[in-house]
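What follows is a single structure, written as structure tokens, with notes after it.
2 protein chains.
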Amino acid sequence: MAKEKKQVEQITDMEVDFAKWYTDVCTKAELIDYTSTKGMFILRPYGYAIWENIQKELDARFKETGHVNVAMPMLIPESLLQKEKDHVEGFAPECAWVTHGGSEKLEERLCVRPTSETLFCDHWSHIVHSWRDLPLLYNQWCSVLRWEKTSRPFLRHREFLWQEGHTLHATAEEAIAETEQQLETYADLCENVLAMPVVRGQKTDKEKFAGAERTYTIECMMHDRKALQGGTSHYFGDGFAKAFDISYTDKENKLQAPHETSWGLSTRIIGGLIMTHGDNRGLVLPPRIAPTQAVVIPVAMHKEGVLAAAEGLYERLKTAGIRVKIDDSEQSMGWKAAEYEMKGVPLRVEIGPKDMEKEQCCICRRDSGEKVFVPLTELETEVVRLLEEVHKGLYERAAKNLADHTYPAFSLEEAKQIQEEKGGFIKTMWCGELQCELDMKEKAGMTSRCIPFVQEHLADTCPICGKPAKHMIYWGVAY
Amino acid sequence: MAKEKKQVEQITDMEVDFAKWYTDVCTKAELIDYTSTKGMFILRPYGYAIWENIQKELDARFKETGHVNVAMPMLIPESLLQKEKDHVEGFAPECAWVTHGGSEKLEERLCVRPTSETLFCDHWSHIVHSWRDLPLLYNQWCSVLRWEKTSRPFLRHREFLWQEGHTLHATAEEAIAETEQQLETYADLCENVLAMPVVRGQKTDKEKFAGAERTYTIECMMHDRKALQGGTSHYFGDGFAKAFDISYTDKENKLQAPHETSWGLSTRIIGGLIMTHGDNRGLVLPPRIAPTQAVVIPVAMHKEGVLAAAEGLYERLKTAGIRVKIDDSEQSMGWKAAEYEMKGVPLRVEIGPKDMEKEQCCICRRDSGEKVFVPLTELETEVVRLLEEVHKGLYERAAKNLADHTYPAFSLEEAKQIQEEKGGFIKTMWCGELQCELDMKEKAGMTSRCIPFVQEHLADTCPICGKPAKHMIYWGVAY
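Just so you know, the protein sequences line up as chains V and W, in that order.
Just so we're aligned, residue 16 is where the first sequence starts under my numbering, counting upward by one.
Just so we're aligned, residue 16 is where the second sequence starts under my numbering, counting upward by one.
Written out as structure tokens, the structure reads:
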């Protein structure tokens, strides 16, 4: 994929135009490409490799906690989608409809799944009979369609890849525990793999998922201080079960309605990754998710022994379990440096004739640009140590951004002013009423992000209406 | 998922009704379930786990040979699908069409992908410029839609899961080598993982993929002696490249059209697996693909020490890397034996008070029903050895079925008679003309399966028309 890459491609500075910077990174780092299908994107090999690593991390966590994978149909009959009222109201406006199969018009049109609660419930109504059948802990890796008017790489696709977990439990307590556990799995992925700090909390009724009783969320802060919802986990109560006629006999032989959850995380998180860690030289990937953790580059490649020395380093790192590649192409050193900076490879390992004399190599960190000379005897231990440091450094920088730009506010005007002048998350008390959310949206341009699990008592009253406060809430401008 | 499983479920004998036996196995082994979306199925956890193992095996092989995964859109604009004439003619009759997004009618209708050659070519036309960009070795794991009139678990779904590889090469030689290599990868999966012997060969022009110059295939024989196409690999020449305006400048700076391949293997192979190895007690899974390779069952579970002993065996096998589970439920021994037979688990490891006294356990093979008593000290080595033996035994039994039911024939009438009386693969010479294929179909009800790579000289002339023979060909009745 080298094409005309003799010259280094430039990207827009994020301070000049953040949106343009973002799109530049997505395309020039070869994560994504536009297609002839409006609103849909290709995940190119490098972008998809990031998603594969996210899949591997999450899938292992799901399986450790007893979840199993399944595959449901991609099409949903309209009548099935309509069984749960709140749900269909939420999704019908953005469904894509299959109306013809081959040359025939279908008797009933079919929706390309925007999410699969209805399919899981339909299946469960066939297979659930007794308390022995519960819990059912299912997950599905697939793509879903939402017919959005506008699109943006990773952040808003008409089709996006995700996983959707769907579980069914005998009791509300169990279902709520599952909802919480899965949110924590997402938070763990973000913090410990993607180096993205999160705020854990609950969505307001206005912002919760269509048909859910409760939606939990993790909220991340981007470089531009906007919010990105990282993953959500929903508790449905027994609403879906009743709508789909799912019941089980309990140990006392009484008929009961089971309790349902669902939870999802999508390729959107890759957009979050880019906007959390990227810089003006391109993508910056946290080491635990990077498809290539280190690239070995021979310096003055045609000098005797250099290529063999570089290959030796490559083999040693590969043996040590590092995801490593070697670039022995004819491109210039300048081109190679820029290329792997653009691609966000955490470490560049260079070796040339002078290094060989000194029995060392030079390792350059993508995050800080710092160069260190490492004795060849310490190659593996130093690479492992540096990868850990990069992860830690990226996490800390993002955590500082989040902490530095989270502000308390005590009136709607103050909230508005902070958002306009500084951006970030604004925390205020809140009465719990929809009207105050609508006011905040209309007058300050912010939506509620979540009622954080970690509450603070900032005041006794809601700063918007003056009524007694029920919670502390986070506001922000969201992707 | 225990529901009313106090009694053992019965399945139809395959000698009584093979089709019914097959469907019984698919549903009672909990591989699949019917859905409210006509012609579409759910892959239940146990069925999907088999597919996950197939994915793992194939994906590793693809990556070892330099292939990378991508994600293309699931919808194809009609105009894009129409760019390659033979291709659209082949697929248009079975496309499902999206005509509405939200409440709006689309300007151009979109086909749910039946296969993605057109999308890959469209993308490549943007990114391929120079010989340096080649080869491109891509693969995609996804589902595709084909609007079939009838459906059957695994064998014929309107939606099925598969992988589709798509590659682009500078020369025809390279592309043909890729086509052959990938067919061999499928053959390796079948023979060495799924214990399914295959016949490797080339499809006739009549049976090749829409738009391809050549289609290679592996053909498997089922218990009922019908053929099942296991996987196919296509060489397209430069037809698609020209239709999609893909070109590259070679080392002499001349503009050239690159050569394309594609290759696919789907969940259909699970149907093949069932019909190759299953028996009247249910599914029989080859150990290398079985989600559970061994199940540990405590006998007289409530006697002192039995449960702990069984758990000990479970832990030891798990540590040894065996995919093992333990069934310490309250179900009867009879129920448990029948359940794991139905599910095709290769080995049942039982331990009770008498075994404990003798410091042994009893291992029962699913394939042969044979029971062996194994000293506890030899547990791991014996389990590993038995799993290998089961694989070998299954492969040999299937290979014998294939060999015993492959017959030469020297006239159309003889071919017809053998098929009617015995079933199987009939090998004859063939002139290479379409008319003789049509005659064989009309008069003997058989399609050509392949021109096998390993040729024999049975006669000088085509037994159908009497003209000089070009090849030996296999005929059969296919799923």
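All residues carry an ideal CB built from backbone N, CA and C; glycine is no exception.
Express the C-alpha separation of residue j and residue i in angstroms, rounding to a whole number.
i                : j                : result
Leu95 (chain W)  : Thr50 (chain V)  : 11 Å
His274 (chain W) : Ala256 (chain W) : 7 Å
Asp475 (chain V) : Lys482 (chain V) : 9 Å
Thr182 (chain V) : Gln196 (chain V) : 12 Å
Glu30 (chain V)  : Lys437 (chain V) : 14 Å
Thr219 (chain W) : Leu204 (chain W) : 24 Å
Glu99 (chain W)  : His184 (chain W) : 19 Å
Ala88 (chain W)  : Trp112 (chain W) : A quick correction: the sequence has Pro, not Ala, at residue 88 (chain W). Roughly 14 Å separates the two Cα atoms.
Arg380 (chain W) : Ser463 (chain W) : 38 Å
Thr114 (chain V) : Val208 (chain W) : 41 Å
Ser262 (chain V) : Glu67 (chain W)  : 30 Å
Met16 (chain W)  : Glu326 (chain W) : Only weak support exists for where Met16 (chain W) lies, its pLDDT of 38 falling under 50; the value from the coordinates is given anyway. Answer to the nearest angstrom: the Cα atoms are 22 Å apart.
Ala34 (chain W)  : Arg167 (chain W) : 10 Å
Ile488 (chain W) : Gln470 (chain W) : 8 Å
Glu19 (chain W)  : His144 (chain V) : In this prediction, Glu19 (chain W) scores a pLDDT of 43, lower than 50, which makes its location untrustworthy; the coordinate-derived value is nonetheless stated afterwards. C-alpha separation (whole angstroms): 8 Å.
Asp294 (chain W) : Gly349 (chain W) : 18 Å
Asp382 (chain V) : Gln434 (chain V) : 28 Å
Lys78 (chain W)  : Val299 (chain W) : 29 Å
Cys41 (chain V)  : Gly297 (chain V) : 9 Å
Thr133 (chain V) : Leu417 (chain W) : 44 Å
Going by the beta-carbon positions, is the gap between residue i and residue j smaller than 9 Å?
i                : j                : result
Gly287 (chain V) : Leu332 (chain V) : no
Thr194 (chain W) : Arg229 (chain W) : yes
Ser281 (chain W) : Trp177 (chain W) : yes
Ala190 (chain V) : Tyr250 (chain V) : yes
Ile59 (chain V)  : Val85 (chain W)  : Note on residue identity: the sequence assigns Arg, not Ile, to residue 59 (chain V). Result yes, Cβ atoms of Arg59 (chain V) and Val85 (chain W) sit closer than 9 Å.
Val364 (chain W) : Val398 (chain W) : yes
Tyr494 (chain V) : Met290 (chain V) : yes
Leu73 (chain W)  : Arg128 (chain W) : no
Lys373 (chain V) : Ile312 (chain V) : no
Ala210 (chain V) : His292 (chain V) : yes
Phe259 (chain V) : Asp137 (chain V) : yes
Pro478 (chain W) : Phe440 (chain W) : no
Arg240 (chain V) : His406 (chain V) : no
Thr443 (chain W) : Leu409 (chain W) : no
Leu125 (chain W) : Pro92 (chain W)  : yes
Ala323 (chain V) : Gly367 (chain V) : no
I want to verify the contact list: residues of chain W whose CB lies under 8 Å from the CB of residue i, in sequence order.
i                : result
Asp48 (chain V)  : His138, His141 and Ile142
Arg174 (chain V) : The displayed chain sequence assigns Glu, not Arg, to residue 174 (chain V). In chain order: Pro88, Met89 and Leu90.
Trp162 (chain V) : Gly116 and Gly117
Sorted by chain position, which residues of the same chain lie with C-beta nearer than 6 Å to residue i's C-beta, five sequence neighbours on each side aside?
i                : result
Glu174 (chain W) : Met55, Ser158 and Leu160
Ala414 (chain V) : Pro212
Leu198 (chain V) : Tyr231 and Ser248
Ala227 (chain W) : His249 and Phe251
Glu403 (chain W) : none
Ile285 (chain V) : Ile65 and Phe169
Phe224 (chain V) : Thr230 and His249
I want to verify the contact list: residues of chain W whose CB lies under 9 Å from the CB of residue i, in sequence order.
i                : result
Cys110 (chain V) : His115, Gly116 and Gly117
Thr247 (chain V) : By Cβ distance, chain W contributes nothing, its closest Cβ being about 22 Å from Thr247 (chain V), past 9 Å.
Leu134 (chain V) : Thr50, Ser51, Thr52 and Ile57
Return the chain-ordered list of same chain residues with a C-beta closer than 8 Å to the C-beta of residue i, the five sequence neighbours on each side being excluded.
i                : result
Val83 (chain W)  : Leu152, Tyr153 and Asn154
Gln25 (chain V)  : none
Cys451 (chain V) : Trp445, Cys477, Ile479 and Cys480
Which bits of chain W does residue i rub up against, with CB to CB less than 7 Å?
i                : result
Ser158 (chain V) : Met89
Leu58 (chain V)  : Val85 and Ala86
Met357 (chain V) : Those within 7 Å of Met357 (chain V) in chain W number zero; the least Cβ separation is about 16 Å.
Tyr63 (chain V)  : Asn84, Val85 and Ala86
Take residue i and list the residues in its own chain whose beta-carbon comes closer than 7 Å to its own, dropping the five residues that flank it on each side.
i                : result
Phe468 (chain V) : Arg215 and Gly216
Ala459 (chain W) : Leu427, Ala430, Lys431 and Gln434
Under 7 Å Cβ-Cβ, which residues of chain V neighbour residue i?
i               : result
Glu67 (chain W) : Asn84
Thr52 (chain W) : Pro88, Leu90, Ile91, Pro92 and Leu125
Going along chain V in order, which residues have a C-beta closer than 8 Å to the C-beta of residue i?
i                : result
Met211 (chain W) : Here the premise fails: no neighbours, minimum Cβ distance about 22 Å.
Leu332 (chain W) : Result: empty, since nearest Cβ-Cβ is about 18 Å, beyond 8 Å.
Item to check | At least 3 beta-carbon pairs within less than 8 Å: the stretch 220 to 238 of chain W vs the stretch 261 to 268 of chain W | outcome: No, the stretch 220 to 238 of chain W is not in contact with the stretch 261 to 268 of chain W.
Checklist entry - Listed from N- to C-terminal order along the chain, which residues in the stretch 85 to 106 of chain W have their beta-carbon within a distance smaller than 9 Å of any beta-carbon of chain B? => result No chain B is part of this structure, whose protein chains are labelled V and W.
Checklist entry - On the three-pair Cβ rule with 8 Å, is the stretch 409 to 427 of chain V touching the stretch 384 to 400 of chain V? => result They do not touch, by the three-pair rule.
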